[in-house]
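2 protein chains.
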Amino acid sequence: MTPPDMETRIAESKAFVHTFHVEPKGSGILDGLRFAVKDLIDQEGYKTSCGNPRWRDTHPVAPANAVCVDQLLYSGAVCVGKTVLDELAFGLSGENFFYGTSLNPKALDRVPGGSSSGSASAVACGVVDFALGTDTGGSVRVPASNCGIFGMRPSHGAISVAGVNPLAPSFDTVGVFAGTSEVLSRVISVLIGCDIPSEVSIGHVHFLQEPFAQCDPEVNNALQVPVDAIRQAFEGRSSETSLTSITAGSPSDLHDWYITYCEIQWAEIWSCLGPWVAETNPEFGPTTRRNFEHVRNLDRGISVKAVRRREFYYRALKKFIGPSDLICLPTTPTLAPLKGTLGVDRTVEDYYPRTLSFTSIAGIGRLPQVTLPLGNSNDIPMGLSLLASEGNDAFLLGAAQTIMKLNNP
Amino acid sequence: MTPPDMETRIAESKAFVHTFHVEPKGSGILDGLRFAVKDLIDQEGYKTSCGNPRWRDTHPVAPANAVCVDQLLYSGAVCVGKTVLDELAFGLSGENFFYGTSLNPKALDRVPGGSSSGSASAVACGVVDFALGTDTGGSVRVPASNCGIFGMRPSHGAISVAGVNPLAPSFDTVGVFAGTSEVLSRVISVLIGCDIPSEVSIGHVHFLQEPFAQCDPEVNNALQVPVDAIRQAFEGRSSETSLTSITAGSPSDLHDWYITYCEIQWAEIWSCLGPWVAETNPEFGPTTRRNFEHVRNLDRGISVKAVRRREFYYRALKKFIGPSDLICLPTTPTLAPLKGTLGVDRTVEDYYPRTLSFTSIAGIGRLPQVTLPLGNSNDIPMGLSLLASEGNDAFLLGAAQTIMKLNNP
C-alpha cells in the first residue's frame with residue numbers, strides 16, 4: 003500500500019503517466035527498493051506512450067516487460083509507475099505539450115530537463131528510490147544535473163535495450179537515476195551483471211578544458227568547491243586536458259563533436275521513427291513538430307562523412323583514456339533553464355547545441371558517464387560529470403564513491 | 003539496364019523479394035559495385051517484409067533508407083534489390099515457408115543457410131558484388147560458410163542499425179557478404195568509417211580447441227589444408243586454446259556459451275517482437291510458430307543470471323585477446339544441411355544448439371568475425387572463421403587478406 007502522503011507527493015510531482023504496484027518477481031540486492039520507469043520502456047500489460055498520445059493509441063499493449071525492467075523485478079525491486087518524457091524522447095527540456103512539465107523540486111521555476119523528465123523528478127521528489135531513463139544525447143545526464151540527483155549513462159550496449167523504443171540506436175542507452183550513489187551502484191550492478199567495487203585505484207583525472215571554458219560563469223562557480231577538492235586530492239595526477247590533445251594534435255572543438263553527433267543522430271531518428279511519422283502524421287507539440295521537419299528534410303549524405311569523423315574521435319578517445327583514468331566536466335553548460343524559455347526552433351536557439359556538445363563526448367566515445375549532484379549555485383543544483391573508458395562502468399561507479407567521499411568527508 | 007542473362011540468373015537464384023535499380027547518390031570507393039539488401043533493412047519507398055507477408059501488410063512504407071543503405075549509395079554503389087530471409091530473421095536455415103528457399107549454387111541440394119539467405123545466395127550466384135545482411139546469432143556467418151563466400155559480422159555497435167528491424171539488440175549487427183575479401187574490405191570501410199590496412203602484423207593465432215574437437219569429421223577434413231597453412235606460417239605464434247583457458251581456469255564449455263547467448267536472445271526477441279505477435283497473431287511457418295511459442299512461454303527470470311554470465315565471459319575474452327591476436331575456428335560444426343532435413347522443433351534437434359554454440363563466441367564477446375571460403379569437402383564449401391578483439395574490425399580484415407594470401411600464394 004502506498005501511504006496517503008506518498009500519493010499526494012506522487013500527484014504533486016506530475017512525474018507519472020500511470021501509477022501502479024508491480025510486486026517483485028524474486029529477491030536480491032534490490033529488495034525493498036521502489037522504482038519508476040520512463041514511458042519509453044515496456045511494462046507488461048500497458049501501452050507505452052513514448053510521451054505522445056497518438057503513439058500510445060497506434061501501438062499494442064506490451065505482452066512482456068523490457069528486459070531491463072525484468073532484471074530489476076527479479077532482483078527484488080517494486081515498480082510503482084511509468085513516467086513522463088519529452089515526446090518520442092526527442093528533446094532535453096522536460097516540457098511535454100501533452101503531459102505537462104514534471105516538477106523540479108530543487109528549483110521550482112526551472113525545467114526538470116529531459117527527455118527522462120518524470121524519472122528524474124520522481125527520484126528528486128523522493129517518491130521512488132531509483133528510476134529508469136534512457137540517454138541518447140543526454141536524456142539521463144541533463145535531468146539528473148537539473149534535479150540535483152545521481153544519474154548514469156552506461157557504456158553503449160552494456161544494458162539491454164530490448165523493449166525500449168529506439169531513437170538513434172548508435173547512441174541509445176538505458177540509464178539510471180538514484181538519490182544516492184550506493185543505490186545507483188546496486189541498480190547498475192544488476193543491469194550490467196557485474197559487481198561494483200567499493201574502492202578503486204584512480205589513475206589520472208583529466209579536467210576537460212573546453213567545457214570548463216565554455217560553460218556559463220555560474221556553472222563554474224557552482225562547481226568550484228568539488229573541482230578544487232578533486233584537484234587537491236589528485237595533485238600531480240590531474241591536469242587540464244584539451245580535446246585537441248585527445249585527438250593527438252588534430253584540431254577539434256566542442257562544436258565539431260556536437261555536429262558529428264547530431265548528423266548521425268538526426269539520420270538515425272528519421273530511419274527509426276520516420277515510418278510511423280510519415281504514415282500517421284500525428285499531432286505533435288510545436289517543438290517536436292519542428293524537430294521532425296528538420297530530420298525529415300535532412301541531406302542524408304552528411305551522415306556518411308559524420309560516421310568517419312565519429313570513428314576517428316572514438317578511436318582517439320579509446321587510445322587516450324587509460325583503464326583507471328577519469329575525464330571530468332560540468333554535466334551541462336548552463337543551470338536548468340527557466341520554464342517556458344526554451345524556443346521551438348532548436349536550430350536558432352543555442353541551448354541545444356551548447357548542451358549537446360557537452361554530452362556528445364560520451365555518445366561518440368561509447369563511454370560511461372556519471373553525474374554527481376555536487377554543484378550548487380544559489381540553491382540551484384548543478385551536476386559534475388565523470389567519464390571512464392568504454393566498458394569500465396564498474397570502475398566508474400567505484401570512482402564516483404571515492405569522489406563523493408572527498409566532498410562529504 | 004540489367005542484361006537479359008543477369009535477369010535469368012536473378013530469377014534462378016530465388017534470392018530476391020523485389021528487384022529494382024536504385025542509382026548511387028554519390029561517388030566513392032564503391033563506384034561500379036552492385037549490391038542487394040536483406041529485406042529486414044529499410045529501403046526508401048518499399049515496405050520491409052522481414053520475411054513474413056503479414057509483417058509487410060501491417061507496417062508502413064519506409065520513407066527513408068536505413069543509414070547503412072544510404073552510406074553505400076553515397077559511396078557509389080547501385081542497389082538492385084531486396085532479399086529473402088528467415089521469417090523475422092529468427093532462424094539459420096534459409097527455408098522460408100512463404101518465400102521459398104534461395105539457391106545455394108555451390109551445393110544445390112543443400113540450404114543456403116539463414117537468416118540472411120537471399121543476400122548470401124545473390125552474392126554466391128554472382129548477381130551482385132556484395133550484399134547486406136544482419137547477424138544476431140550467425141545470420142551472416144552461417145550462410146556465408148554454407149554458400150562458399152566471404153562474410154563479416156562486425157563488432158557490436160560498429161555499423162548503424164537504424165532502419166533495421168530489431169531481433170535481439172544486445173547481439174544485433176549489420177553484416178556484409180562479398181565475393182572477394184577486397185570488396186568486403188571496401189564495403190566495411192564505408193560502413194564503419196575507417197580505412198582498412200592492406201597489411202597488418204598478426205601476433206598470436208589461437209585455434210579454439212572445443213569447436214575443432216566438436217565439429218563433424220568432414221568439417222575438420224574440409225579445413226585441414228588452410229589450418230595447416232596457418233599453423234605453418236605462424237609456427238611458434240599459434241596454439242590450441244581452450245575456452246577454460248580464456249575464462250582463466252573457470253570451467254566453461256561450448257554449451258555454457260550457447261545457453262548464455264540463447265537465454266538473453268530469447269528474452270530480447272519476445273520484448274522486441276512480442277507486441278506485434280501478440281496483437282496480430284500472424285500466420286507463421288511451422289518452425290517460426292514453434293520458435294515464438296518458445297520465447298513467449300519463457301521463464302524470464304533466467305535472463306537475469308544469463309546477463310551475469312555473459313558479462314563474465316565478455317570480460318574474460320576482452321582480457322584474453324590482445325589487439326593483434328586472432329581466434330580461429332570452423333564457422334559452423336556441420337556442412338550446410340540438406341534441404342528439408344531441419345526439424346520444426348529446435349529444442350529437440352541438435353543443429354541449432356551446435357551451430358549457435360560456435361557463433362555465440364562473437365556474440366557474447368561483441369567481437370568482429372570474418373568467415374573465409376577456404377574449406378571444401380567433396381565440393382561442398384566450408385568457412386574458416388577468424389575473430390579479433392572488440393573494435394578491431396579493420397585489423398581483422400587486414401589479417402584476413404594475409405591469411406587468404408597464405409592459401410592462394
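As they're listed, the protein sequences go chains R and S. The numbering used here numbers the first residue of the first sequence as 3 and each following residue consecutively. The numbering used here numbers the first residue of the second sequence as 3 and each following residue consecutively. C-beta: ideal position from N, C-alpha, C; glycine also. Keep in mind the model is a prediction, meaning the values are calculated, not measured.
- A direct Cα-Cα distance of roughly 8 Å separates Ser157(S) from Thr175(S).
- Under the three-state reduction of DSSP, Glu25(R) is assigned to coil, being neither helix nor strand.
- Asp72(R) has a beta carbon lying within less than 8 Å of a beta carbon in chain S.
- DSSP lists Ala180(S) as the beta-bridge partner residues of Phe152(S).
- Here the stretch 122 to 135 of chain S makes contact with the stretch 31 to 38 of chain S; the two share three or more CB pairs at distances below 8 Å.
- The Cβ-Cβ distance between Pro114(S) and Asn148(S) falls below 8 Å.
- When secondary structure is reduced to three states using DSSP, Ser200(S) falls in the coil class, being assigned neither helix nor strand.
- Residues of chain S with a Cβ closer than 7 Å to the Cβ of Tyr76(R) are, in chain order, Gly303, Val306.
- Exposure of Asn299(S) is indicated by the presence of fewer than 16 other C-beta atoms within 10 angstroms of its C-beta.
- In the same chain as Leu398(R), and ignoring 5 residues on each side of it, the C-beta atoms closer than 7 Å to its own belong to Pro370, Val372, Leu388, Ala390, in chain order.
- Legend: CB atoms of the stretch 13 to 35 of chain R lying less than 9 Å from CB atoms of chain S belong to residues Lys27, Gly28, Gly30.
- Using a Cβ-Cβ cut-off of 8 Å, Val69(S) counts as an interface residue toward chain R, since at least one Cβ of chain R sits closer than that to its own.
- Nearest C-alpha to Ala401(R) among Trp278(R), Ile204(R), Glu281(R), Leu256(R): Ile204(R).
- Taking 8 Å as the upper bound for CB-CB distance, Met384(S) and Val221(S) are in contact here, some 6 Å apart.
- Within the same chain, and ignoring the five residues on either side of Ser121(R) in sequence, the residues whose Cβ sits closer than 7 Å to its Cβ are Ala38, Lys40, Thr85, Ala133, Leu134, Gly135, Phe179.
- Taking a C-beta distance under 8 Å as the contact criterion, Glu313(S) and Gly195(R) qualify as a contact pair.
- Look at Val309(S): its C-beta is under 8 Å from a C-beta on chain R.
- Boundaries cannot be given for His61(S), as no alpha helix (DSSP H) includes it and DSSP labels it neither H nor E.
- Cβ neighbours of Ala224(R) within its own chain (closer than 7 Å, five residues either side excluded): Gly377, Asn378, Ser379, Met384.
- Using beta-carbon distances, Ile194(S) counts as an interface residue toward chain R, with a partner under 8 Å.
- Taking C-beta atoms as the reference points, Thr361(S) and Gly139(S) count as a pair closer than 8 Å.
- Contact annotation, Val306(S) with Tyr76(R): C-beta distance approximately 5 Å; criterion of less than 8 Å satisfied.
- Judged by pairs of C-beta atoms under 8 Å, the stretch 232 to 251 of chain S touches the stretch 208 to 218 of chain S, as three or more such pairs exist.
- When the Cα atoms are used, Thr404(R) and Glu295(S) turn out to be separated by approximately 48 Å.
- Counting only the Cα atoms, Asp197(S) lies some 30 Å from Arg155(R).
- By the CB criterion at 8 Å, Thr10(R) and Gly83(R) fall outside the cutoff.
- Around the CB of Glu97(R), 16 or more other CB atoms lie within 10 Å, so the residue is classed as buried.
- Using beta-carbon distances, Asp218(R) does not count as an interface residue toward chain S, since no partner is under 8 Å.
- Counted as a single uninterrupted DSSP element, the beta strand (DSSP E) harbouring Val82(S) occupies residues 80 to 85.
- With a cutoff of 8 Å on beta-carbon distance, Glu281(R) and Ala170(R) are scored as not near each other.
- Legend: CB atoms of the stretch 153 to 167 of chain S lying less than 7 Å from CB atoms of chain R belong to residues His158, Gly159, Ser162, Val163, Ala164, Gly165.
- Scanning Leu42(S), Ser104(S), Pro288(S), Asp88(S) for the CA closest to the CA of Lys16(S) turns up Ser104(S).
- Looking at Ser187(S), Gly367(S), Ser273(S), the one whose alpha-carbon comes closest to that of Glu201(S) is Ser187(S).
- Taking a 10 Å sphere around the C-beta of Asn394(R), we find 16 or more other C-beta atoms and assign the residue as buried.
- Inter-segment contact for the stretch 273 to 289 of chain R and the stretch 85 to 94 of chain R is present: three or more beta-carbon pairs are separated by less than 8 Å.
- Residue nearest to Arg356(S) within the set Ile323(S), Ile382(S), Asp258(S), Phe236(S) is Asp258(S) (criterion: CA-CA distance).
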